[in-house]
Every structure is written in structure tokens, then in C-alpha cells.
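Taking this note's numbering, the leading residue of the sequence shown gets 135, the next gets one more, and so forth.
Ideal Cβ positions, reconstructed from N, Cα and C, are used throughout, including at glycine.
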Amino acid sequence: MKIGILQFRPQLKEVDKNLATINKYLTRKKFDLAVLPELATTGYNFVSRRELAEVTESRSGQSFVFFENLAVKTGGAIVWGMAEKSRNKIYNSAVLTTPEGDHHLYRKTHLFYREKNIFDPGNTGFNVFEWRRVKLGLMICFDWIFPEAARTLALGGSQIICHPANLVMSFCQDSMITRSLENGLFTATANRVGLEKNGRQSYTFTGLSQVTEPKGNRLLRFSRTEQAFKVVKINPKLADTKKVNRLNSLFDDRRPGFYRLKSGRVA
Ligand code: ACM
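The structure is reproduced here in C-alpha cells:
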């Protein structure tokens, strides 16, 4: 399976331009599964919910139609980040769009910093979607700091965690090696690059997008600044064994009964 990561610099509120950029990169190289950054269609640095509301889309929005067509044209499934409007809620969402025309949605569970002022917390929970016999889990950016997110996807059978991101802290990329190791699966973190200013609010994004494999090695790594679409070949089945050695298994050796204080409080 060929897995591709797009690292680029989305422009704030410029959905048409961002879709054109995405189209340019994803039609240049063959892939089976592409992962794009968080909020790839809209940019990230909104100062108010009202401003964010200008670029939200429902499931019938232009980006859904665009990615459905792009998935058909390229023959690959695409995970992309967007600002989703549903009734009076706005979610920071990731969508898995397949060439068969399906859209599977994940709404970000753990909102980061000022996102709390403009988005509603996700209500989908973590789900694993099977596409052409590969089991894909979705989480978004700051979900990385809660190991329960990746663990839930792993216990649900996920072979690859697709991880759209707009990272500003330094530790995620290294931590995703641990998420791979402790869960015995692949992770694909698609981060963005660039400085995004909006009034007095600015963020610098850290790049370093990557693909990690179940033994914790990086199979692909971008620089902090480059904009590119890179593809690497993986065998998702390598995520099916949870053996550490002849006697240990990541899953069979878990002892959930002990994963809380025995007395319920400090002795
Ligand atoms: C983040 O969750 N965008 C840091």
C-alpha cells in the first residue's frame, strides 16, 4: 500500500486556493491513501467563531464534492481536515473520503488552546474504518498528548492511525514513535508549515510530518519548512501482530484491572 503525506501551507480562509494546491500535489504521484493536515481547506488561525463560520461546510459543501472527485480521479482514499458545520455546532473534523464515494467523519475530541473558544468539542468518539481490507483510525493533532486516543484506535483494530495536524509544540513527532511502539501500528502525521498571522494572534507550525511503523522507525520524514507530497510503501499487515517477543504481547499482557488505584485513592 502506498501512503502519501501532504505537508504544505494552507492559506487562511482561502478555500478555493487551498483546494487548487491540494489538487496540484495529489495528482502528481500515485497513492492508495493520502493524509493531509488539520484544517487543510481553511487554515487554522481564526480569531473568532464568527470569522470561522465564514468558511465552515456541511456534508454537502464544496470540499466534500472536491475530495469525492479527487478520490475518483486518483483512485486513492484521502484523509483531510476541515471546519464542519452541523446545525449550530462547528467541529474541527477529519474526513476519510474514498474513491467509492464514502465520507467517514471524525470530530476532534481534545481541542487545543484557543480552539476551545471557536469550536465545539467532537462528539464522534474514536472509530476505525475499514477500506479495502485496511483498518484506518483517525485522530487530530492535539489528540496525540492523550495516549488513550491512539490506544482506543489500536484496540479497535486500527493498522494505521491517520493523524492530520497543525502542530505548534515540539514533542508530538517524537511521541508518535511511542504511540507506534506501544500499540504496534503505523502512524501517519501530516503537519503544516509556515507562520500564520491574524491580527495580534500568530502561530508558527513545526512541519516534520512523518510516517512511523510498528517497531518505532520513521519511514518518511519532512523538514520543518518544505512543502511536498511524499509517498512511501507499507505493509499494513505488519500491524496485526502485537508480539514483543516469544512471551510478551502488547495486548494480551495488558492488565486493565490494575489501571486504576486499587483503593480508589492514595494510600
Ligand atoms: C493542535 O491541536 N492543533 C495543536
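Item                                                                                        : Value
DSSP-derived helix/strand/coil call for VAL366                                              : strand
Cross-strand partners of PRO97 (DSSP beta bridge)                                           : Nothing in the structure corresponds to residue 97, since the chain is present only between 135 and 401.
8 Å contact criterion, which GLN141 and GLY328 should meet: CB distance rounded             : Wrong, their Cβ atoms sit about 10 Å apart, outside the cutoff.
Residue interval of the beta strand (DSSP E) (run including VAL213)                         : 211 to 220
Beta bridge counterpart(s) of TYR337 as assigned by DSSP                                    : GLU330
DSSP three-state assignment for GLY391, whether helix, strand or coil                       : helix
Beta strand (DSSP E) segment containing TYR240, residue limits                              : 237 to 241
Same chain, Cβ closer than 8 Å to MET135, neighbours up to 5 away in sequence not counted   : ASP166, LEU167, VAL268, LYS367, ILE368, ASN369, PRO370
Residue interval of the beta strand (DSSP E) (run including GLN344)                         : 344 to 346
Entirely enclosed alpha helix (DSSP H) segments - the region 257 to 304, minimum 4 residues : 281 to 289
Opposing strand residues paired with LYS349 [DSSP bridges]                                  : Per DSSP, none; premise fails for LYS349.
Buried or exposed (CB count within 10 angstroms, at least 16 for buried), ILE137            : buried
Cβ neighbour criterion (16 or more within 10 Å) applied to ILE279                           : exposed
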